[in-house]
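Numbering (my numbering), first residue to last: 79 to 529.
In structure tokens form, the structure reads like this:
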């Protein structure tokens, strides 16, 4: 086996090692438990969600159902399903980098994806984010292959994979405008493919129609999403921090400065021949068009959360890899230093994520409750929805109540009256709170219990 092949395999093994390490360390959070609950629904009810208004990610729940039938619904098992796609993303990033730029860029992009704290984090979460990243990357690869080599087989594969993206995460549809702009930007080279391109776009409307029937009216309605509006500059800053150092950065300005320097070097269009500059433009479109698209949507209906755009992260690492290659052309020592620092910063962030309780620890809460509860105790949940997460870990019988919603203006006296009714006849009152500001941002429930 050639050295490049051995390095690619080593990169994939490193990706697996980082993702499997402490896979079950974090307690499941409510979205993960929701995924398990939905996957357990009767098959007809689950299939109906593919066209039901408001549902995001039905394909993931369907696939998770099949996986759980084989592996079970334990923490490690359900997260391992995400881990698989997180690992598969790494060699695919290598392949796309090699196809667009060079073998060296591809190998470095795979290495950066393998060590990405952000991709590691979501490869360890039982949600659709590692799957949609893999599918969007595969869609982009197939799209470029179809443009370059044609063939109805390639176009059909592109349409099929892109359609799967739509049902894995609603906002993955923003990859299509990026691909459309890419075709227009490369018009002189690929204009002979315009019939096949139009046919492919036409075919993509078919899987999207069931979603468009409710998405478009929703976007035009005054519906409140619960998300805060962020200006584009803030969105870009949040994504840069996340893609660079993950969900628990805290390493100061030096790492961010290095990431910014290499990103700018990789995005530079002032070096390389015309073909290479076009291919770099491809990565820039892949990275920025979905971001701008979500920002434009958010002008009318705020929807931004960094994980909703995780599928553009591979373009970020491909540009970083090109930046490293640019540095290497000038100084091999500088290249080695930059790469070593990047991997060191990434490893430190992954280690921090893997040893810090970032998610609400329902596992510990349920264990403590089981060890200390009395027969007449009652549990109050803030927010009420987290009861499902608590009951994933605690399977016994117990008395419970939903904490009152106070964010609508409920006063202290009304809260007190409700809580007195809830707790009457119970010896000990337990409060299980997570994201309570969504329900009781003034802390009235906690204040009454502490009084």
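Backbone N, C-alpha and C fix where the C-beta goes; we use that ideal spot for every residue, glycine too.
These figures come from a predicted structure and were not determined experimentally.
Since residue i and residue j should fall inside the 8 Å C-beta cutoff, what is the C-beta to C-beta distance between them, to a whole number of angstroms?
i	j	result
residue 136	residue 245	6 Å
residue 163	residue 101	The pair is not a contact, with the Cβ atoms about 14 Å apart (cut-off 8 Å).
residue 481	residue 459	6 Å
residue 248	residue 134	5 Å
residue 167	residue 218	Not really, about 12 Å apart at Cβ, beyond 8 Å.
residue 205	residue 113	6 Å
residue 107	residue 467	7 Å
residue 195	residue 428	5 Å
residue 271	residue 225	6 Å
residue 336	residue 419	6 Å
residue 451	residue 476	7 Å
residue 414	residue 343	Wrong, their Cβ atoms sit about 16 Å apart, outside the cutoff.
residue 179	residue 354	7 Å
Just to confirm, is the Cβ distance from residue i to residue j under 8 Å?
i	j	result
residue 378	residue 455	no
residue 254	residue 282	yes
residue 340	residue 402	yes
residue 115	residue 264	no
residue 373	residue 436	no
residue 308	residue 382	yes
residue 143	residue 126	no
residue 165	residue 90	yes
residue 510	residue 464	yes
residue 193	residue 424	yes
residue 305	residue 380	yes
residue 172	residue 97	no
residue 103	residue 388	no
residue 358	residue 338	no
residue 288	residue 128	yes
residue 174	residue 215	yes
residue 438	residue 105	yes
Using a Cβ-Cβ distance cut-off of 8 Å, determine whether residue i contacts chain D.
i	result
residue 320	Given the protein chain composition of this structure (a single chain), no chain D is represented.
Could you give the residue range of the alpha helix (DSSP H) that holds residue i?
i	result
residue 112	108-117
residue 424	410-432
residue 517	515-518
residue 447	440-450
residue 133	Per DSSP, residue 133 belongs to no alpha helix (DSSP H) and is neither H nor E.
residue 344	331-345
residue 266	265-268
residue 206	Taken as a continuous stretch (DSSP letters only), residue 206 belongs to no alpha helix (DSSP H), as it is neither H nor E.
residue 285	272-297
residue 122	121-126
residue 244	230-244
residue 162	153-178
residue 301	Counting along the chain, residue 301 falls outside any alpha helix (DSSP H), and DSSP gives it neither H nor E.
residue 528	522-528
residue 105	Element bounds for residue 105: n/a, residue is neither H nor E.
residue 83	81-98
Hey, how far is the Cα of residue i from the Cα of residue j?
i	j	result
residue 47	residue 515	Coverage of the chain is limited to positions 79 through 529, which leaves residue 47 absent and any answer about it impossible.
residue 408	residue 386	37 Å
residue 200	residue 433	16 Å
residue 274	residue 262	14 Å
residue 157	residue 151	9 Å
residue 190	residue 368	21 Å
residue 325	residue 442	22 Å
residue 417	residue 159	30 Å
residue 493	residue 484	8 Å
residue 236	residue 268	16 Å
residue 187	residue 519	43 Å
residue 371	residue 320	19 Å
residue 406	residue 328	28 Å
residue 453	residue 197	44 Å
residue 83	residue 223	22 Å
residue 81	residue 257	34 Å
residue 333	residue 412	15 Å
residue 499	residue 525	16 Å
residue 311	residue 294	26 Å
residue 490	residue 522	7 Å
residue 502	residue 486	25 Å
residue 440	residue 472	9 Å
residue 449	residue 153	21 Å
residue 230	residue 241	16 Å
residue 109	residue 203	9 Å
residue 243	residue 251	7 Å
residue 277	residue 234	10 Å
residue 497	residue 300	33 Å
How would you write the range of the beta strand (DSSP E) that residue i sits in, first residue to last?
i	result
residue 511	507-511
residue 479	477-480
residue 459	456-460
At a cut-off of 7 Å, would you count residue i as near the ligand PLP, judging by its Cβ distance to the nearest heavy atom?
i	result
residue 266	Absent from the structure shown: the ligand PLP. Ligands present: none.
Q | Segment contact, 8 Å Cβ cut-off, at least three pairs: the stretch 393-400 with the stretch 167-186 | A | The stretch 393-400 is in contact with the stretch 167-186.
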